[in-house]
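As structure tokens, the structure follows; a few thoughts come after it.
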Amino acid sequence: MQPEHKLSFINRLRIMRETRFGAFVPVLLALAAIWTYFGLAVPLWEYWGDPDAENIRFIFLSPRNIYNLFMQSAVIATLAVGITVVLLLGDIDLSAAATAGVCAALLGVLVLAGVPGPLACLIVMGVGIVMGTAQGVLVAYVGIPSFVVTLAGLLGFQGLMQKILPTGNLNVGDPFVRGFARVLLPDALGWVLALTCIVVFVWMSLRRQAQRKARGLELDSTAAVWGQIVFFGALMLATVATLNSYRSVPLLIVLLMAITALVGWITTSTPYGRSIFSVGGNPESARRVGMNVKRIRVSAFAIVGLMAAIGGIFGASRFGSVSYTAFAGGSLLLESIGAAVIGGTSLFGGRGSVWNAILGALVIGSLGNGLDLSGASAADKLMFSGAILLLAVAIDAVSRSGTSER
Amino acid sequence: MSEHENKVGLRAPPAHLRVSGIHKRFGGVHALRGVDFEVARGEVMALVGDNGAGKSTLMKVLAGAHAADEGQFFMDEAPVSVNTPHDASDLGIQIVYQDLALCENLDVAANLSLGAEPVKPGWSFLPQLLRPLDDLEMEVKAQAAIDRLQVRTLKSVRAKVGGLSGGQRQAIAIARAVGADGSVVMLDEPTAALGVAQTRQVLDVVKRLRDTNHAVVYISHNMRDIFEVADRICVLRHGGNVATWRKDETTPDEIVVAMTRGLDDEAGNAA
Ligand SMILES: Nc1ncnc2c1ncn2[C@@H]1O[C@H](COP(=O)(O)OP(=O)(O)OP(=O)(O)O)[C@@H](O)[C@H]1O
Ligand SMILES: [Mg+2]
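Below you can see the structure in the form of structure tokens.
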């Protein structure tokens with residue numbers, strides 16, 4: 001009785017993760033659990049445990065903290081989006097954070113030397129692409145496993161960053177670069193943007209449903225369609241309301257969402273994206289239908305290089321400085337790989353989504369933020385992050401089709 | 001070559017796809033040693049041979065999945081070159097691989113149009129690879145291909161291939177080749193995972209392809225099936241030709257002997 005029940009649960013999990021929105025459920029549950037714990041359980045616990053407390057203080061769920069949480073997770077999320085693309089191929093990139101570090105350091109040096117901000121950003125993005133492409137060529141054409149190539153890249157780029165920044169720290173004061181994190185959308189514009197997104201989402205969902213009907217294809221259930229719409233709308237409105245009630249929507253977040261939407265569209269809705277999934281699922285059959293597997297590999301590494309450079313720019317903008325520990329030498333790499341994997345992107349290739357990486361980054365960010373607020377030590381943070389990562393990979397392993405037969 | 005002409009000779013229909021002198025080496029393994037092969041429109045050519053004879057390798061060379069080390073290709077007697085899968089599909093050569101070559105992480109519709117995804121019209125300012133996929137068109141096509149094969153157990157073309165049975169996967173691989181509008185369809189052991197009823201359906205598909213003037217290559221180890229659908233039977237052994245027979249002029253026993261022992265040279269020339 002017991003094993004049967006368990007199997008059906010795993011099967012249900014597997015079926016759920018096959019659907020497009022179902023893939024969000026595990027990471028959303030993780031997020032909900034973390035937010036409930038830090039946002040409700042901890043404050044209540046403190047309130048009841050402390051007779052002197054006047055009223056409950058919901059620090060974690062305060063708009064100010066959520067705002068900071070979003071900003072803290074933004075750099076992780078940018079890198080995680082890039083890493084997701086190579087994970088989809090079944091490869092890995094261990095050098096993303098170091099690439100971001102090199103790019104940020106270069107950006108700092110360039111603007112200090114008087115290069116205009118926009119030009120410096122473009123140069124740095126080009127450098128990121130070159131760094132990614134070079135590693136991709138080694139993986140695809142020379143045939144070295146990506147783990148080894150990017151491990152070498154990690155070490156080499158850490159060294160390179162130290163060469164560029166001998167002091168290990170550089171302030172970035174350029175107004176254009178700082179602008180990404182400083183510029184806030186006016187409250188009204190934030191609402192307009194959110195409403196526009198919702199209207200477009202509704203219009204596309206309904207149009208798609210109508211087209212399916214016209215062509216006689218099987219229809220999604222009306223409940224599912226409207227469920228998605230309500231879910232999406234609630235998420236957008238809640239986010240904007242929260243951010244507006246502290247300051248307002250930062251440009252950084254809007255840019256991150258736009259980039260993610262673009263990468264998400266490319267990976268799910270173009271022949272190129274289809275070929276990424278296909279190479280991740282079965283490289284030999286991708287080759288046999290005429291896809292250029294090597295070139296696809298290289299291009300994915302170029303994308304992760306570009307995203308790392310953007311992450312570097314965002315980081316420099318947010319911190320107002322570039323430091324070795326914030327990028328190459330710190331925990332950024334493991335956090336961003338962790339974010340991608342917690343989001344449900346498979347390490348075995350062929351399954352995942354960049355939107356999940358954003359949610360995964362929020363999970364990682366919330367965990368760090370919540371533990372900081374409750375005064376946990378760095379050691380606790382590391383151990384908690386490890387446990388969450390393990391849990392996420394375990395979910396991936398059991399929900400991968402065909403695992404239970406072994 | 002000589003046995004080939006002896007056995008079929010001038011009575012063979014004009015070849016649609018013909019290759020000659022195909023060599024293929026994998027490192028030290030000399031898998032094909034100067035193979036000649038041909039198939040005409042409106043006929044089913046069976047390709048038989050023991051395990052490791054080189055049947056699948058020959059099919060992959062014809063489909064452009066492996067480039068031949070040596071050898072000539074002719075379409076309707078005009079020389080062509082087939083070095084990539086695109087070359088082959090542009091010439092109208094379609095194949096069902098022995099290992100099916102499906103992507104388990106993608107759904108049925110995506111697998112059926114893999115490598116030739118339809119894109120929406122009107123985005124010509126973007127490079128082909130970055131235009132929006134027309135996934136509804138994909139589903140419509142997939143549904144049509146599946147309906148033609150009558151895979152009744154398949155519930156949805158949006159099901160992931162990883163969750164399907166071996167027979168359903170085989171049906172999808174067949175649908176991919178048959179649905180692609182080629183003039184040559186090659187099936188490498190397409191009934192290996194199928195039950196009696198589905199095998200019958202595949203044989204019917206093969207006959208229908210012949211009746212619609214396709215050139216069909218059919219690989220199987222099942223003599224009963226072969227003698228049911230084939231017009232000619234080509235035997236390979238150790239990467240070389242043994243001979244080609246008309247079905248009406250041979251027997252399963254003769255084929256089995258040719259597969260396992262080859263032809264006695266004198267016997268072959270005398271016949
Ligand atoms: N990719 C490869 N690399 C190395 N050797 C190969 C490769 N593909 C085939 N071979 C070798 O080529 C020979 C012919 O193999 P092939 O798969 O063509 O046989 P087959 O006639 O299809 O056999 P079966 O009936 O078992 O499918 C075998 O000796 C095999 O080991
Ligand atoms: Mg074979």
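Chains as they are written, first to last, in my numbering: chain A, 1 to 406; chain B, 1 to 271. Don't be surprised by glycine CBs; every beta carbon is placed ideally from N, CA and C.
1) How about A/Ser278 and A/Asn169: do their beta carbons lie closer than 8 Å?
2) Three or more C-beta pairs closer than 8 Å, one from the region 173-193 of chain A and one from the region 310-319 of chain A: is that the case here?
3) Which of helix, strand or coil does DSSP assign to B/Glu249?
4) Mind checking who B/Gly240 pairs with in its DSSP beta bridge?
5) Could you check where the beta strand (DSSP E) with B/Gly71 kicks off and where it finishes?
6) For ligand 2, list every residue whose C-beta falls under 7 Å from any of its heavy atoms, going in chain order.
7) Just to confirm, does B/Val29 get its C-beta within under 7 Å of one of the non-hydrogen atoms of ligand 1?
8) Pull up the distance between the alpha-carbon of B/Glu3 and that of A/Leu87, whole angstroms please.
9) Comparing C-alpha positions only, which one of B/Met186, B/Ala215, B/Arg232 sits nearest to B/Met223?
10) Please go through the same chain and pick out, in chain order, the residues whose beta-carbon is closer than 7 Å to the beta-carbon of B/Ala65, but skip the five residues on each side of it.
11) Under 7 Å Cβ-Cβ, which residues of chain B neighbour A/Glu335?
12) So is B/Phe125 buried or exposed if we call it buried at 16+ other beta carbons inside 10 Å?
13) Following the continuous alpha helix (DSSP H) through B/Pro85, name the residue where it begins and the one where it ends.
14) For the 8 Å Cβ check, are there 3 or more pairs between the region 56-75 of chain A and the region 286-301 of chain A?
15) Could you check what DSSP says for B/Gln94 in three-state terms: helix, strand or coil?
16) Check whether chain B comes within 8 Å of A/Thr270, counting only Cβ atoms and requiring the distance to be less than that.
17) For A/Tyr67, which of helix, strand or coil comes out of DSSP?
18) Leaving out the 5 sequence neighbours to the left and right, which residues in its chain are closer than 6 Å to A/Leu389 when beta-carbon positions are compared?
19) Residues of chain A with a CB under 8 Å from the CB of B/Ser294: which are they?
20) Look at A/Gly128 and A/Leu306 and say whether their C-beta atoms are less than 8 Å apart.
21) Helix, strand or coil: how does DSSP classify A/Ile313 here?
22) Any heavy atom of ligand 1 within a distance shorter than 7 Å of the CB on A/Ala77?
23) Per DSSP, which one or two residues make a beta bridge with B/Phe37?
24) Give every residue of the same chain whose Cβ lies closer than 6 Å to the Cβ of A/Asp91, excluding the five residues on either side of it in the sequence, and list them in chain order.
25) Three Cβ pairs or more, each shorter than 8 Å: is that satisfied between the region 39-49 of chain B and the region 14-21 of chain B?
26) Counting only Cβ pairs nearer than 9 Å, list the residues of chain B close to A/Ile266.
27) Name the chain B residues that come within less than 7 Å of A/Ser278, Cβ to Cβ?
28) How about B/Asn51: is its Cβ closer than 7 Å to a heavy atom in ligand 1?
29) Residues of chain A with CB closer than 8 Å to the CB of B/Pro85, please, in chain order.
30) Pull up the CB-CB distance for A/Trp355 and A/Gly273, whole angstroms please, since I reckon it's below 8 Å.
31) Alpha carbon to alpha carbon, how far is B/Glu249 from B/Phe227?
32) Beta-carbon within less than 6 Å of A/Val75's beta-carbon, same chain only, minus the 5 sequence neighbours each way: which residues are those?
33) Which residue's Cα is closest to the Cα of A/Leu89: A/Gly280, A/Met236, A/Ala394, A/Val341?
34) Would the beta-carbon of B/Phe37 be found less than 7 Å away from any heavy atom of ligand 1?
35) Roughly how many whole angstroms lie between the Cα atoms of B/Leu154 and A/Ala326?
36) Apply the 10 Å Cβ neighbour rule to A/Gly114 and answer buried if 16 or more other Cβ atoms are within range, or exposed otherwise.
Short version:
1) No; because the gap between Cβ atoms is not below 8 Å, this pair is not in contact.
2) In short, these stretches touch, since the Cβ pair count reaches three.
3) Correct three-state label for B/Glu249: helix.
4) B/Gly240 pairs with B/Arg237.
5) Counting along the chain, the beta strand (DSSP E) containing B/Gly71 begins and ends at 70-75.
6) That gives B/Lys55, B/Ser56, B/Gln98, B/Asp188, B/Glu189, B/Ile219.
7) Result yes, Cβ under 7 Å from ligand 1.
8) Reliability fails at B/Glu3, whose pLDDT of 45 lies under 50, so the model's placement of it is uncertain and no value is given.
9) For B/Met223, the nearest C-alpha among the options comes from B/Arg232.
10) Around B/Ala65, the same chain offers Pro85 as residues with beta carbons nearer than 7 Å, after the five sequence neighbours per side are excluded.
11) The premise fails here: A/Glu335 is roughly 26 Å from chain B at the closest Cβ pair, so nothing lies under 7 Å.
12) Exposed is the call here.
13) First-last of the alpha helix (DSSP H) with B/Pro85: 85-90.
14) By the Cβ criterion, the region 56-75 of chain A is not in contact with the region 286-301 of chain A, since fewer than three pairs of Cβ atoms, one from each stretch, lie closer than 8 Å.
15) Note: B/Gln94 maps to strand in three-state DSSP.
16) So, interface residue.
17) Under the three-state reduction of DSSP output, A/Tyr67 falls in the helix class.
18) Counting only Cβ-Cβ distances below 6 Å, and skipping sequence neighbours, we find Gly338.
19) Residue numbering for chain B in the displayed model covers 1 to 271; residue 294 of chain B lies beyond these limits and cannot be assessed.
20) Cβ atoms of A/Gly128 and A/Leu306: closer than 8 Å.
21) Here A/Ile313 sits in helix by DSSP.
22) Result no, Cβ not under 7 Å from ligand 1.
23) Looking at the DSSP output, B/Phe37 bridges to B/Val19.
24) Taking C-beta separations shorter than 6 Å and ignoring five residues to either side along the sequence, the partners of A/Asp91 in its chain run Ser146, following chain order.
25) In short, these stretches touch, since the Cβ pair count reaches three.
26) What A/Ile266 touches in chain B: Leu130.
27) Under the 7 Å cutoff, chain B gives Cys103, Leu106, Leu114.
28) Flag set: Cβ of B/Asn51 near ligand 1.
29) Here the neighbours are Arg287, Arg288, Val289, Gly290.
30) Beta-carbon to beta-carbon, A/Trp355 and A/Gly273 are separated by about 13 Å, too far to satisfy the 8 Å threshold.
31) C-alpha separation (whole angstroms): 11 Å.
32) Exclusion of the five residues before and after A/Val75 leaves Gly311, Phe314, Gly315 as the residues of its chain whose Cβ lies within less than 6 Å of its Cβ.
33) Between A/Leu89 and the set A/Gly280, A/Met236, A/Ala394, A/Val341, the nearest pair of CA atoms involves A/Gly280.
34) False, no ligand heavy atom lies under 7 Å from that Cβ.
35) In a straight line, the C-alpha of B/Leu154 is about 52 Å away from that of A/Ala326.
36) By the Cβ-count criterion, A/Gly114 is exposed, with fewer than 16 other Cβ atoms from all chains shown falling within 10 Å of its own Cβ.
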